[in-house]
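So the protein lines, in turn, are chains A and B. Heads up, the final residue of the first sequence is numbered 124 in the working numbering, and it's a clean run with no missing numbers. Heads up, the final residue of the second sequence is numbered 1449 in the working numbering, and it's a clean run with no missing numbers. The structure appears below as structure tokens.
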Amino acid sequence: LAKTTQPISMDSYEGQEVNITCSHNNIATNDYITWYQQFPSQGPRFIIQGYKTKVTNEVASLFIPADRKSSTLSLPRVSLSDTAVYYCLVGPSGAGRRALTFGSGTRLQVQP
Amino acid sequence: EPEVTQTPSHQVTQMGQEVILRCVPISNHLYFYWYRQILGQKVEFLVSFYNNEISEKSEIFDDQFSVERPDGSNFTLKIRSTKLEDSAMYFCASSEGQGLRFTDTQYFGPGTRLTVL
């Protein structure tokens, strides 16, 4: 599995855009990039997944450069309720390993 | 929106006792998982289950653990003889797994907090 590196923590204020970058230098051709969010005492929640370029949904955007060695999760106009731990996961889609390997994630603290 | 549900939300047990944690995966999902998270630590994979058998398990999932799908809706994790170090949040997850190519998007339940005294 590709190793991922992301900041341990980030601070932001309500209304700001937050960008969390994840490095995955040894990403494989069939690997997808997936981001999960976890609130305290809750299970991880899928946010977004992508393979290349840009993916956007109602919650976030995911930017993936052409070399795919990194990715950036963008949260527009964060609110206090976006305070959570955000995990970047890289792994193959399709048949094969299905165990998700979570790192330590990025702890985002949104201040008023 | 369909959800994974888990019961109980909190289980307190004595060391050496057996516990069964229950999960109801999303109805059309085919793959089921258990993860655990010790307080302040990472989410750790325990086991995945497909077609009524274990498809993958981690080193944590030793002989003290077992999983079962006793009927068409429930998915259970049993710990035969609990230890203090089994105290953790246990999360059930499920995914679709249909077709030749599918995402590994897993949907997690709210968790069961297991406290072993």
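By construction, the Cβ of each residue, glycine as well, lies at the ideal position given by its N, Cα and C atoms. Computed from a predicted model, the values in this text were never measured in an experiment.
Can you tell me whether residue i is helix, strand or coil according to DSSP?
i	result
residue 1417 (chain B)	helix
residue 107 (chain A)	Low confidence applies to residue 107 (chain A): its pLDDT is 44, below 50, so where it sits in the model is not reliable enough to give any reading.
residue 21 (chain A)	strand
residue 82 (chain A)	strand
residue 101 (chain A)	strand
residue 43 (chain A)	strand
residue 93 (chain A)	helix
residue 1387 (chain B)	strand
residue 114 (chain A)	coil
residue 1350 (chain B)	coil
residue 36 (chain A)	coil
residue 51 (chain A)	coil
residue 1428 (chain B)	coil
residue 1401 (chain B)	coil
Assuming residue i contacts residue j (C-beta within less than 8 Å), just tell me the rounded distance between them.
i	j	result
residue 1399 (chain B)	residue 1379 (chain B)	6 Å
residue 38 (chain A)	residue 64 (chain A)	So it is not a contact: roughly 16 Å between Cβ atoms.
Is any beta-carbon of chain B found at less than 8 Å from that of residue i?
i	result
residue 112 (chain A)	yes
residue 56 (chain A)	yes
residue 62 (chain A)	no
residue 21 (chain A)	no
residue 93 (chain A)	no
residue 73 (chain A)	no
residue 109 (chain A)	For residue 109 (chain A), the pLDDT reaches just 47, beneath the cut-off of 50, and the residue's location in the model is therefore unreliable, leaving the point undetermined.
residue 115 (chain A)	yes
Measuring alpha carbon to alpha carbon, tell me which of the options ends up nearest residue i.
i	options	result
residue 114 (chain A)	A:124, A:102 and A:122	A:102
residue 1358 (chain B)	B:1415, B:1387 and B:1429	B:1429
residue 1402 (chain B)	B:1420, B:1371 and B:1381	B:1381
residue 86 (chain A)	A:93, A:76 and A:40	A:76
residue 1404 (chain B)	B:1445, B:1355 and B:1340	B:1355
residue 83 (chain A)	A:69, A:74 and A:89	A:74
residue 70 (chain A)	A:81, A:78 and A:58	A:58
residue 122 (chain A)	A:41, A:68, A:88 and A:24	A:24
residue 1451 (chain B)	B:1363, B:1365 and B:1339	Outside the shown range of chain B, which is 1333 to 1449, sits residue 1451 (chain B), and nothing can be said about it.
residue 46 (chain A)	A:111, A:79, A:40 and A:99	A:99
residue 1360 (chain B)	B:1448, B:1395, B:1394 and B:1438	B:1438
residue 42 (chain A)	A:91, A:116 and A:80	A:80
residue 1445 (chain B)	B:1389, B:1391 and B:1369	B:1369
residue 30 (chain A)	A:72, A:48, A:40 and A:62	A:72
residue 1418 (chain B)	B:1351, B:1336 and B:1408	B:1351
residue 1390 (chain B)	A:112, A:89, A:40 and A:60	A:112
residue 28 (chain A)	A:18, A:67 and A:89	A:89
residue 1386 (chain B)	B:1373, B:1371, B:1407 and B:1372	B:1407
residue 1365 (chain B)	B:1333, B:1393 and B:1334	B:1393
Strictly under 8 Å for the Cβ-Cβ distance: is residue i near chain A by that measure?
i	result
residue 1388 (chain B)	yes
residue 1374 (chain B)	yes
residue 1449 (chain B)	no
residue 1439 (chain B)	yes
residue 1377 (chain B)	yes
residue 1397 (chain B)	no
residue 1357 (chain B)	no
residue 1380 (chain B)	yes
residue 1404 (chain B)	no
residue 1335 (chain B)	no
residue 1393 (chain B)	no
residue 1423 (chain B)	yes
residue 1348 (chain B)	no
Compare the C-beta of residue i with all C-beta atoms of chain D and state if any pair is closer than 8 Å.
i	result
residue 1340 (chain B)	The structure shown contains no chain D; its protein chains are A and B.
Quiz item: How do the region 27-39 of chain A and the region 1415-1426 of chain B stand: do at least 3 beta-carbon pairs fall below 8 Å, yes or no?
Solution: no
Quiz item: Can we say the region 1397-1417 of chain B touches the region 1338-1351 of chain B, given the rule of at least three CB pairs closer than 8 Å?
Solution: yes
Quiz item: Is it a yes or a no for the region 37-55 of chain A touching the region 81-95 of chain A, going by three-plus beta-carbon pairs under 8 Å?
Solution: yes
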